[in-house]
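Student: Residue numbers for the sequence shown follow my numbering, beginning at 137 and rising by one.
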Amino acid sequence: MQNVSPLTKIISKDFDIAENLSENQLREVMVDAFAYLIDNDFPKLIQILYKADVDQYKLKELLETAEGSSSAEVIADAYIARQKAKIETWQKYSPKKD
């Protein structure tokens, strides 16, 4: 995904993030945010993942099988992937502009 603007727009509903981030910078910010939530506000973490419709069973499997990645990295990647999937679906079914 070249233009991360739609991605930052949707993520900014849950997190206070800058709009001009590259995708790599966005991932780093999300990893830090999820690491904080894991340690300090687990109920909010669950709420955000539920609201984003991240599949809990898929996430559990990813967390159990992830090697060399922190839980925050796995969660951030799953969250970002889910948000990208939403954007792709919206773009696919939104009225085409000429």
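Yeah, the Cβ is synthetic: ideal placement off N, Cα and C, and Gly gets one too.
1. Are there 16 or more other CB atoms within 10 angstroms of the CB of Gln192, so buried, or fewer, so exposed?
2. In the DSSP assignment, find the alpha helix (DSSP H) that holds Ile153 and state where it starts and stops.
3. Can you give the Cα-Cα distance for Thr144 and Met166, rounded to whole angstroms?
4. If you follow the alpha helix (DSSP H) that Ser207 is in, where does it begin and where does it stop?
5. Look at the alpha carbon of Asp150 and the alpha carbon of Tyr215, and state the distance between them as a whole number of angstroms.
6. Since Ile146 and Ile223 should fall inside the 8 Å C-beta cutoff, what is the C-beta to C-beta distance between them, to a whole number of angstroms?
7. What does the alpha-carbon distance come out to for the pair Asn160 and Asp213?
Tutor: Straight from the coordinates:
1. exposed
2. Premise fails: Ile153 is in no alpha helix (DSSP H) and is neither H nor E.
3. 11 Å
4. Ser207 to Tyr229
5. 11 Å
6. 7 Å
7. 11 Å
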